[in-house]
Amino acid sequence: MITAGIDIGSKTVKIVALKDAKEIVGQVMILAGTDVKESISKAWAELEKTAGVKPGDLAAIVATGAGKGDAVNARRTVTEVSADAKGANFLNPEVRTVIDVGAEEGRAIRIDAAGKVVDFAINEKCAAGAGAFTEAMARALEVEIKELGPLSLKSTQEVAMNAQCAVFAESELVTLVHAKTPKPDMARAVHNAISDRIVSMVRRVGMEEKVMLIGGVANNVGFLDSLQRDLNTTVIVPEDSESVSALGAAVLAAEEA
Amino acid sequence: MAEEFWRWTESRWHDPDIDWKKGQVVSAGVDVGSVSSQAVVMVDGRLYCYSNTRTGSNSPDSAVKAMGMALEGTDLTIDDLPYTVGTGYGRVNVPFGQRAITEIACHGRGANFMYGPSIRTVLDMGGQDCKAIHVDEKGKVTNFLMNDKCAAGTGRGMEVFADLLGVSINDVGELSLKVEEEPEPVSSTCVVFAKSEASGLLRAGWPKEKVLAAYSSAMAHRVAGLLERIGVEPDFGITGGIAKNVGVVTRLEKEIGIKSLQSKYDSQIAGALGAALFAEALIKKGAKK
Amino acid sequence: MLANYGYKDGSGEFFITIDTDRCNGCGDCVPACPAGAFEVAEEDPNDPLREEPVALIGEAQRKKLKYACAQCKPASSRPPLPCVEACKAGAIAHSW
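So, in structure tokens, the structure goes:
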């Protein structure tokens, strides 16, 4: 039996196909672009091409993500929080705290041994609490987003960033540039700033080991470094961290199929 | 070089009928904000001269530039000023200042001067902050709220849109009113997300004025919400740069159901005016440089 | 004077109100707050004519109140707030 989960995020669309609720047999991720419906079709086409799996082959499809309402061939939808919880639990049943930092939303979730949600806190509708922040700062520093993390690891001194808004932080960076602050130090300040906000959310739900970080921003080594220092623990980052929510949706699809 | 749509026009003015040398009390105020800086000089409680300038990368230099520009065309120099109060973000860094007083207190006093003692609710929409202030008949603050954490509802937010649409910040207000039908406001409060939303609208074929209308509407709604937290008691007056944005002001007045008083003074000098008034009060109490 | 410290952003409104007419500057709120959000100033920065000291929200936490207060406001319950309990004058209120 094959089930699938589709996560329609603000930046990317992910699909994970799961066989017998155990084995991942297909996985795709494409940019959401400006036409969500077209991106969804493209994602299914890509899944068929790479894994030979078609919507018709599936016993059940569950959708999640900001755009879940647009998933026409999904039987039902689930919240991102429950999908994150199941996905993290599938990958590592010892995880009790899940941190998901996506393009537009940041979430801290506490889960139990079965992957059920115990408590959660969300940073929504404010760019400073999600990936949109690091993206805006990377642009302001004229650095590719995938370079921002490695650059920040070269920092030799801590520089404070006081602005709590992506727009004001950009102005603050301009002031730091005028003061000839080295780029690695500014990059590190950016990661410390967003980590500070994410960690406050984690404190609202309480941190319990083990901790897993998922979502697009999990790939940012600079953010991971700041986060681990702030939480004073090692954080697990799975491969394909962006697809964990879709995976969770696929697991939920299997539970009901 | 790309045109800087966010750059607004600097200005200065002085009263040619006042001879400061014949005055009893000459006092000065400087408001150094993160986006703009103003300087005001008063002679015996009358406005003598003022300037409205763009803050540079350095606060102390911006204070000097603002005061220098205010004094241009007069024979008064910075060294002649008996007492100067600084306010705004850069208030502790005014090289020629004697005291720093926060913008809340200064805006209350300044609005009382600009609008008269009937003013009870002041809304200041500045470059990087938004303040709602209740004052008594003397301009003393009785209730205040300031948001300087979030760019929504501030001049920076509007600058982002002026830049996105390639429209000069001086023109965004008027242009936003050139719509036949008022569109739905932009749904995101956050400027970053609102900008993405606006890009989508542009791609869908929306003309610039419609996008501006949608954003101005959202901004007015947000600011109205902030005002509602402390309540709007008449008389009501708006200060700051956005007071000059007729698109936001009209929509805001409609939403709260009360019109702003009009003042013959530049809306951006309220803080510096209040600072100069505090300086005058301090001089009368014996304060010296 | 009602001093409202905090902000409103896309995720909500987060203000702590200090009623300076009730506040006598006793400073009990300062150690009560685990985030160190409160300070006592000898001179009220927003009321130059006030003669008593006054409590205010310091610069360190003012723009991060949602996060500063997070530890006292867990996601699923609402225990009494230490700062509100500590203030005998009843000068402190939270908007969320």
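Chains as they are written, first to last, in the working numbering: chain A, 1 to 257; chain B, 258 to 546; chain C, 547 to 642.
Using N, Cα and C, we set each Cβ at its ideal position, and we do this for glycine too.
These numbers were taken from a predicted model, which means no experiment stands behind them.
Put B:L432 into one of helix, strand or coil per three-state DSSP. Taking the second sequence and counting its residues from 1, the one referred to as residue 432 of chain B is at position 175. Three-state DSSP puts B:L432 in a helix.
Which of helix, strand or coil does DSSP assign to C:C633? For this step, residue 633 of chain C is matched to residue 87 along the third sequence. Residue state, collapsed to three classes: coil.
Suppose the cutoff is 7 angstroms on Cβ atoms and the five residues either side in sequence are ignored; what does the same chain contact list for B:R508 look like? Numbered from its first residue, the second sequence carries residue 508 of chain B at position 251. Excluding its 5 nearest sequence neighbours in each direction, B:R508 has C-beta neighbours in its own chain below 7 angstroms: S473, S474, A477, listed in chain order.
Rounded to whole angstroms, what is the Cα-Cα separation between B:E490 and B:A471? Position 233 of the second sequence, counting from 1, holds the residue named residue 490 of chain B. Position 214 of the second sequence, counting from 1, holds the residue named residue 471 of chain B. Their Cα atoms are separated by approximately 27 angstroms.
For the region 130-144 of chain A against the region 100-114 of chain A, do three or more pairs of beta-carbon atoms, one drawn from each stretch, fall closer than 8 angstroms, so that the two count as touching? Below 8 angstroms, enough C-beta pairs join the region 130-144 of chain A and the region 100-114 of chain A to call them touching: three or more.
Where C:F561 falls: helix, strand or coil (DSSP): Within the third sequence, the letter at position 15 stands for residue 561 of chain C. Taken through DSSP and simplified to helix, strand or coil, C:F561 comes out as strand.
Whole angstroms are fine: how far does the CA of C:C575 sit from the CA of B:D523? Position 266 of the second sequence holds residue 523 of chain B. Position 29 of the third sequence holds residue 575 of chain C. About 41 angstroms.
Between the region 25-58 of chain A and chain C, which residues of the former have CB atoms less than 9 angstroms from a CB of the latter, in chain order? Cβ proximity to chain C below 9 angstroms picks out nothing from the region 25-58 of chain A.
Rounding to the nearest angstrom, what Cα-Cα distance links B:A527 and A:V235 in this structure? Stepping through the second sequence from its first residue, residue 527 of chain B is reached at position 270. Stepping through the first sequence from its first residue, residue 235 of chain A is reached at position 235. Whole-angstrom Cα-Cα distance: 51 angstroms.
Within the chosen definition, does the region 557-575 of chain C reach the region 422-433 of chain B through at least 3 CB pairs nearer than 8 angstroms? At 8 angstroms Cβ cutoff, the stretches do not touch.
Any C-beta of chain B within less than 7 angstroms: which residues of the region 584-595 of chain C qualify? Listed by position, the residues of the region 584-595 of chain C near chain B (Cβ gap below 7 angstroms) are P591, N592, D593, P594.
So which of A:N192, A:P55, A:K68, A:V167 has the shortest CA-CA distance to A:G26? Within the first sequence, the letter at position 26 stands for residue 26 of chain A. Cα-wise, what sits closest to A:G26 is A:P55.
Reference B:I275, options B:E267, B:G494, B:V292, B:V300, closest by Cα: Translated into the one-based positions of the second sequence, residue 275 of chain B becomes position 18. Answer by Cα proximity: B:V300.
Reducing DSSP to helix, strand and coil, say where A:R110 ends up. As a first step, residue 110 of chain A is located in the first sequence; it is residue number 110 there, counting from the start. A:R110 falls in the strand class under three-state DSSP.
Using a cut-off of 7 angstroms between C-beta atoms, extract the partners of C:A549 located in chain B. Counting from 1 along the third sequence, the entry for residue 549 of chain C is found at position 3. For C:A549, the chain B residues whose Cβ falls inside 7 angstroms of its Cβ are F401, in order along the chain.
Residues of its chain near A:A59, where Cβ-Cβ distance is below 7 angstroms and the 5 sequence neighbours each way are ignored: Counted from its first residue, the first sequence places residue 59 of chain A at position 59. Cβ within range, chain order: M1, I2, T3, A257.
Considering B:K388, what are the terminal residues of the beta strand (DSSP E) in which it resides? Counting from one through the second sequence, the residue named residue 388 of chain B turns up at place 131. 387-392 is the span of the beta strand (DSSP E), which, as asked, contains B:K388.
How about A:R197: is its C-beta nearer than 8 angstroms to some C-beta of chain C? In the first sequence, the residue the question calls residue 197 of chain A occupies position 197. Yes - at least one Cβ of chain C is within 8 angstroms of the one on A:R197.
Skipping 5 residues on each side, what residues in its chain have a beta carbon closer than 7 angstroms to that of B:S291? As a working note, residue 291 of chain B is residue 34 in the second sequence. Once the five neighbours on either side are set aside, the close Cβ partners of B:S291 are T312, Y346, G384, Q385.
At a Cβ threshold of 8 angstroms, is B:A408 touching chain F? Protein chains A, B and C are contained in the structure displayed, whereas chain F is not.
Beta carbon proximity, A:D119 to chain C, threshold 8 angstroms: Numbered from its first residue, the first sequence carries residue 119 of chain A at position 119. Among the residues facing chain C, A:D119 is included, as its CB has a counterpart in that chain under 8 angstroms away.
So which residues of chain A does B:C447 contact, with C-beta pairs closer than 7 angstroms? Here residue 447 of chain B refers to the residue found at position 190 of the second sequence. What B:C447 touches in chain A: K125, C126, A127.
Starting from the C-beta of A:R188, find all residues in its chain whose C-beta is less than 6 angstroms away, skip the five residues before and the five after it, and write them out in chain order. As a first step, residue 188 of chain A is located in the first sequence; it is residue number 188 there, counting from the start. Beyond the five residues adjoining it in sequence on each side, A:R188 comes within less than 6 angstroms, by CB distance, of S152, S155 in the same chain, given in chain order.
Going by C-alpha to C-alpha distance, which of B:C306, B:I376, B:M382 sits closest to B:H335? Along the second sequence, read from residue 1 onward, the residue named residue 335 of chain B stands at position 78. Sequence inspection shows Ile at residue 335 of chain B; the His mentioned does not correspond to that position. Measuring C-alpha to C-alpha distances from B:I335 to each of B:C306, B:I376, B:M382 identifies B:C306 as the nearest.
To the nearest angstrom, report how far apart A:A17 and A:A246 are at their CA atoms. Indexing the first sequence from 1 puts residue 17 of chain A at position 17. Indexing the first sequence from 1 puts residue 246 of chain A at position 246. Roughly 9 angstroms separates the two Cα atoms.
Can you list, in chain order, the residues of the region 412-423 of chain B whose Cβ is nearer than 8 angstroms to any Cβ on chain A? Within the region 412-423 of chain B, those residues whose Cβ lies closer than 8 angstroms to any Cβ of chain A are, in chain order, R413, G414, V417.
For A:T50 and B:C387, the rounded distance between their alpha carbons: For the purposes of this step, residue 387 of chain B is taken as residue 130 along the second sequence, with counting starting at 1. For the purposes of this step, residue 50 of chain A is taken as residue 50 along the first sequence, with counting starting at 1. A:T50 has its alpha-carbon roughly 53 angstroms from the corresponding atom of B:C387.
Limits of the unbroken beta strand (DSSP E) element including B:M299: Start at 1 with the first residue of the second sequence, and residue 299 of chain B comes out as number 42. Start and end: 293-300.
Only counting the same chain, and skipping five residues up and downstream in sequence, which positions put a Cβ closer than 6 angstroms to that of A:G106? Position 106 of the first sequence, counting from 1, holds the residue named residue 106 of chain A. Close CB contacts of A:G106 within its chain, under the 6 angstroms cut and outside five residues either way in sequence, are with N123, G129, A130, I198 (chain order).
From B:R377 to C:L548, what does the alpha carbon distance come to, in whole angstroms? Here residue 377 of chain B refers to the residue found at position 120 of the second sequence. Here residue 548 of chain C refers to the residue found at position 2 of the third sequence. Cα-Cα distance, rounded: 14 angstroms.
Residue of A:A32, A:I24, A:A140, A:E23 minimising C-alpha distance to A:A66: Here residue 66 of chain A is taken as the residue at index 66 of the first sequence, counted from 1. Nearest in C-alpha terms to A:A66, of all of A:A32, A:I24, A:A140, A:E23, is A:A32.
Could you name the residues of the same chain whose beta carbon sits closer than 7 angstroms to that of B:R271, not counting the 5 residues immediately before and after it, in chain order? As a first step, residue 271 of chain B is located in the second sequence; it is residue number 14 there, counting from the start. Here residue 271 of chain B is His; the residue named in the question, Arg, does not match the sequence. Contacts found: Y305, C306, G330, T331.
Beta-bridge pairing of A:V244 - partner residues as DSSP gives them: As a first step, residue 244 of chain A is located in the first sequence; it is residue number 244 there, counting from the start. Beta-bridge pairing links A:V244 to no other residue.
Distance, B:I495 Cα to A:S243 Cα: The residue given as residue 243 of chain A occupies position 243 in the first sequence. The residue given as residue 495 of chain B occupies position 238 in the second sequence. Distance between the alpha carbons of A:S243 and B:I495 is about 49 angstroms.
Ends of the beta strand (DSSP E) at A:S200? Translated into the one-based positions of the first sequence, residue 200 of chain A becomes position 200. For A:S200, there is no enclosing beta strand (DSSP E); the enclosing alpha helix (DSSP H) covers residues 183-205.
Skipping 5 residues on each side, what residues in its chain have a beta carbon closer than 6 angstroms to that of B:L338? Locating residue 338 of chain B in the second sequence gives position 81, where the first residue counts as 1. Cβ neighbours of B:L338 beyond the five flanking positions: A285.
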